[in-house]
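Trainee: Protein chains in written order, with this note's numbering: chain A, 1 to 424; chain B, 425 to 789. We put the CB at the ideal spot given by N, CA and C, even for glycine.
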Amino acid sequence: MSIEFEAPKPITQMQFMLKTVAEEMMRSRSRYFDEHEHEIPWDYIEFMHTAMKAMGVGSLAPNEKGNGHGDGSQEKKDKRPSIAYQVLASQIEMLAWGDVGMYLVTPGGGLGAAAVQAAGTPEQKAKFLARFGEEKPTLAAMCMTEAGAGSDTASIRTRAILDENTKEWILNGEKIFATSGDKALTEYEKLGKGFIVVWASIDPSAGRAGMRAFVVEAGTPGVRVAKLERKLGIRVSDTAAISLVDARVPYDHILGSPAVEKTTTGFKGAMATFDATRPLVAASGLGVARAALEFLKEKLAENGVQIRYGLPRQKLTSIERDVIDMEVMLKSAWLMVIKAVWMADNKKPNVLESSMSKVKAGDVGTKITQKVVEILGPLGYSREFLAEKWFRDAKITDIYEGTGQINRLVVARQILGYSGKELR
Amino acid sequence: MYSFEPTEEQQMLVEAVGKYAGNDLRTAAREAEEGGELPKKLIGKGWEIGLLQASIPEAYGGFGERSAVTGVLAVEEMTFGDLAGTLAVMTPSLFATPILLAGSEEQKQTYLPKVIEGEWSPYTAALIEYAFDFDPNALKTAATLNGEEYVLDGEKAFVPFANNAETILVYANLDGRTQGFIVPKNSAGLTISDEREKLMSLNALPLYRVHLDNVKVPASNRLGGASGHDFEPILASMRIAAAAAAVGVANAAFEYARDYAKEREAFGVKIAQKQAIAFMLAEMRTEIEASRLLTWEAAWKMDTGKEDAFTEAYLAFTGAADMVMMVTDRAVQILGGHGYIREHLVEMWMREGRGFAMFTGLAIV
């Protein structure tokens, strides 16, 4: 081993192709879909599905090998470590550079599949994940948040009760903020049959230990999209409220073990999903930030403003200082993402690095896009260009998949060696 | 490939440095700072670890090869112990590393073995000048060619161990380019201030003002020989070293504050159990990691000769200088009133934290 920063060849080769996709399929339509919220970018969805099938990848969800929370003891020394997560983070960054909202509409399992990956049995993985490689593009969604349970996921009120006669789970509750919930549930002609992963309690008296994830197939009676949110940004991605009224789900759709244990394994399954996906969300935020910073530098260059790297601060203009500071932020944040996914690929526990990368990317994404709009003045503020859209899009990075504050809490517990009880 | 694991050799080196930093440097830091002196034995012990020696090829008396990455790892670890002590131990590098990087074959043969064979001796370098907008690429100290000689005129600041230095590598402005000149201690017109520099920190490190009044050196004393040298790699190596040192100091302050916060009680709980404190610590740790990785990457780019290595070194330095100020300030804040008292080291780290913006030239890897 040694310290190296050379992007692996498969990544650099792929980036070239993805950049074209980002420009041709995403950027060119960014403004249209921002202004036509809830329209579906079918061209992009179908193109990506065809392209990914041609490349032999069923979805952007990490595959079995790339799963980031094994203990690594099984890994044979002579085997080349996987770079699946590194590839994924780089892909996501580039697609988000194109349009982060549209990246979220990329067919594949998304967070729903990630949850199956993290908490499901091998049989469940086989059963639920196969669809993403089939004929039609297919999406899945994660339903965790409720009106009364955002970051505080332990207070989820959705219930799952076992019908002893039919051996079915009966789900009741209201979920909100499900990314792609509409495309996962509504049976569009152009889409394959998706599913949502619903987090519900099988024993409210058990607190977190009673929390389980259920795969709920599209078309399940009693499940419906109650509302599509209208948002500050990432408007091309649907954010759904989903209502479950006596929704019956087969017994084996509970991810992992159905037994209520004294421990909080089920809940930890959900959290493990986030350990794996946080650096990926961070990567998407950094893609937006890079788009904004590159646009700024382009505009500055057009106007004859050069950035004189290497000068002491005392000799720099305010704009130069800002640009240089933003480059520091962006580059270092990206390295934190790469380190976190490299650890995942190498089966090293990465809770700390994964959360730090998200904290940093949340900060950097908002700071850079806000500063870029400021420096660009009326050009930044005008809807003629995309800078103002990136400002709106970037903000979500600091909110979803654990707000910046929740991730600070995770980081703090890690560095202090505290439990959730010791540091609330 | 991406990889974040030092080689076994690097790990062994870092471990040795870490022991010295923790057992020796850190223990001596407060007394050295207050008394204005680092024990000779202490510096000698650090020198024996052989950081510089291991970066110089056998042909010139060393036993290894220079690697900026290794240098960065070592500096980060040593400054975790104490910054002034680290700079003292590494002062001879200020002279030797630029010669290794940019010197003529003759200069390498002449000087490198002398510096690294045997005990630590004060070979040093003079880059910084006493101006608010000091710019290493626009020096006020001037060099002019006069026949077979260069004539140097100007004033240098913050020169470590200049009073005892055998030879000083002086950087001067030659037709708009920063060039190094090897100046022996008994050169006519070279005077070292009687008084040491008095700074906000680094009291343990003897720093001097150096005056050059019509100092003549043979043309062959120009670093790199007759055609001179490129200053960029030297400057970048200085910036990376400063960035690594900033990471080390920041990490020292962070760990100290973290441990304190886990001990100190208020309102019936440890103060680390309060989000106000815990979040500060989380952000400190996050920013340290950000700077560390950028510094590592810059060093790696230097080692592999990447096109943007110098820019990256500048960015890493800029980021680290901001980061270390933020982290050390917060460390004092977390200790509250106790942080302000000179019993704890955090106040010293905070003073050092402000200095990194102007420390380019005090260390090189």
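So B:A670 and B:F780 are in contact, right, with Cβ under 8 Å, and what is the actual spacing, rounded?
Mentor: Rounded, the Cβ-Cβ distance is 5 Å, consistent with contact.
Trainee: Any idea what DSSP makes of A:K19, helix, strand or coil?
Mentor: Helix at A:K19.
Trainee: Would you call the stretch 560-572 of chain B in contact with the stretch 592-610 of chain B, where contact means no fewer than 3 C-beta pairs closer than 8 Å?
Mentor: Yes, the stretch 560-572 of chain B touches the stretch 592-610 of chain B.
Trainee: A:S28 CB to nearest chain B CB: under 8 Å?
Mentor: No, no contact with chain B.
Trainee: Assuming B:L636 contacts B:G613 under a Cβ cut-off of 8 Å, what Cβ separation, rounded to an integer in Å, is found between them?
Mentor: Indeed, because the Cβ distance is near 6 Å, the residues count as touching under 8 Å.
Trainee: What is the rounded straight-line gap between the Cα of A:I406 and the Cα of A:W42?
Mentor: So the two alpha carbons sit approximately 35 Å from each other.
Trainee: Between A:A218 and chain B, is there a C-beta pair that is closer than 8 Å?
Mentor: Cβ-Cβ to chain B under 8 Å: no for A:A218.
Trainee: Any idea what DSSP makes of B:A586, helix, strand or coil?
Mentor: Coil.
Trainee: Label A:T138 either buried or exposed according to how many other C-beta atoms from any shown protein chain fall within 10 Å of its C-beta, with 16 as the threshold for buried.
Mentor: A:T138 should be labelled buried.
Trainee: Counting along the chain, where does the alpha helix (DSSP H) carrying A:P122 start and finish?
Mentor: Its alpha helix (DSSP H) spans residues P122 to L129.
Trainee: Say whether chain A places a C-beta atom closer than 8 Å to the C-beta of B:R709.
Mentor: Judged by the 8 Å Cβ criterion, B:R709 is in contact with chain A.
Trainee: DSSP has A:Y309 in a bridge; who is on the other side?
Mentor: Answer by DSSP bridge pairing: none, since A:Y309 is not bridged.
Trainee: Whole beta strand (DSSP E) runs in the stretch 535-566 of chain B with 3 or more residues, listed along the chain?
Mentor: Qualifying beta strand (DSSP E) stretches, in chain order: 548-550.
Trainee: Are B:I664 and B:A508 closer than 8 Å when you measure CB to CB?
Mentor: Not a contact, by the Cβ cut-off of 8 Å.
Trainee: List the endpoints of the continuous beta strand (DSSP E) containing A:N172.
Mentor: Here the beta strand (DSSP E) through A:N172 covers E168 to T179.
Trainee: Just checking my contact of A:G109 with A:L95 at CB under 8 Å: how many whole Å lie between their CB atoms?
Mentor: Not a contact, Cβ separation roughly 15 Å.
Trainee: With 16 as the cutoff for other CB atoms within 10 Å, does B:S715 come out buried or exposed?
Mentor: When all chains shown are included, B:S715 counts as buried.
Trainee: Please state whether DSSP places B:S491 in a helix, a strand or coil.
Mentor: Coil at B:S491, not helix or strand.
Trainee: Bridge partners for B:G578 per DSSP, in chain order?
Mentor: Its beta-bridge partners are B:L636.
Trainee: Once DSSP output is grouped into helix, strand and coil, what is the label at B:N597?
Mentor: DSSP places B:N597 in strand when its eight states are reduced to three.
Trainee: Can the beta-carbon of A:T369 be found closer than 8 Å to that of A:W342?
Mentor: Their beta carbons are not under 8 Å apart, which means A:T369 does not touch A:W342 by this criterion.
Trainee: So, is the C-beta of B:V493 closer than 8 Å to a C-beta in chain A?
Mentor: Taking Cβ atoms only, chain A reaches closer than 8 Å to B:V493, which makes this a yes.
Trainee: Can you find a C-beta in chain A that's less than 8 Å from the C-beta of B:G672?
Mentor: So no, B:G672 is outside the interface.
Trainee: Report the rounded CA-to-CA distance for A:I298 versus A:D393, giving the unit in angstroms.
Mentor: Note on identity: in this sequence residue 298 of chain A is Glu, with Ile being the wrong assignment. So the alpha carbons of these two residues sit roughly 20 Å apart.
Trainee: Taking B:Q531 as the reference, give the member of B:G459, B:F605, B:K686 and B:E590 with the closest Cα.
Mentor: Of the candidates B:G459, B:F605, B:K686 and B:E590, the one whose C-alpha sits nearest the C-alpha of B:Q531 is B:F605.
Trainee: B:G505: buried (16+ other C-beta within 10 angstroms of its C-beta) or exposed?
Mentor: Classification for B:G505: buried.
Trainee: Judging by CA-CA distance, which residue of A:W199, A:A283 and A:S82 is the nearest neighbour of A:S357?
Mentor: Among A:W199, A:A283 and A:S82, the Cα nearest to that of A:S357 is on A:A283.
Trainee: Express the C-alpha separation of B:L497 and B:Q435 in angstroms, rounding to a whole number.
Mentor: When rounded, the distance between both Cα atoms is 9 Å.
Trainee: Rounded to whole angstroms, what is the Cα-Cα separation between B:A685 and B:I701?
Mentor: Rounded to the nearest angstrom, the two C-alpha atoms are 8 Å apart.
Trainee: In whole angstroms, what is the alpha-carbon distance linking B:A677 and B:S617?
Mentor: So the two alpha carbons sit approximately 33 Å from each other.
Trainee: Exposed or buried, which one is A:D503 when buried takes at least 16 other CB atoms within 10 Å?
Mentor: What the structure shows of chain A is the stretch from 1 to 424, and residue 503 of chain A is not part of that stretch, so it cannot be assessed.
Trainee: Run through DSSP, which three-state label would A:I11 get?
Mentor: A:I11 falls in the helix class under three-state DSSP.
Trainee: Give me, in chain order, the residues of the same chain whose beta-carbon lies closer than 6 Å to that of A:A241; leave out the 5 immediate sequence neighbours on both sides.
Mentor: If we look at A:A241 and ignore the five residues flanking it on each side, its Cβ neighbours are I176, A226 and K227.
Trainee: With 16 as the cutoff for other CB atoms within 10 Å, does B:N638 come out buried or exposed?
Mentor: B:N638 is exposed by the Cβ-count criterion.
Trainee: Between A:K167 and A:Y251, what straight-line distance do the alpha-carbon atoms span, to the nearest angstrom?
Mentor: Approximately 6 Å between the Cα atoms of the pair.
Trainee: So A:T179 and A:L111 are in contact, right, with Cβ under 8 Å, and what is the actual spacing, rounded?
Mentor: Sure, about 7 Å apart at Cβ, within 8 Å.
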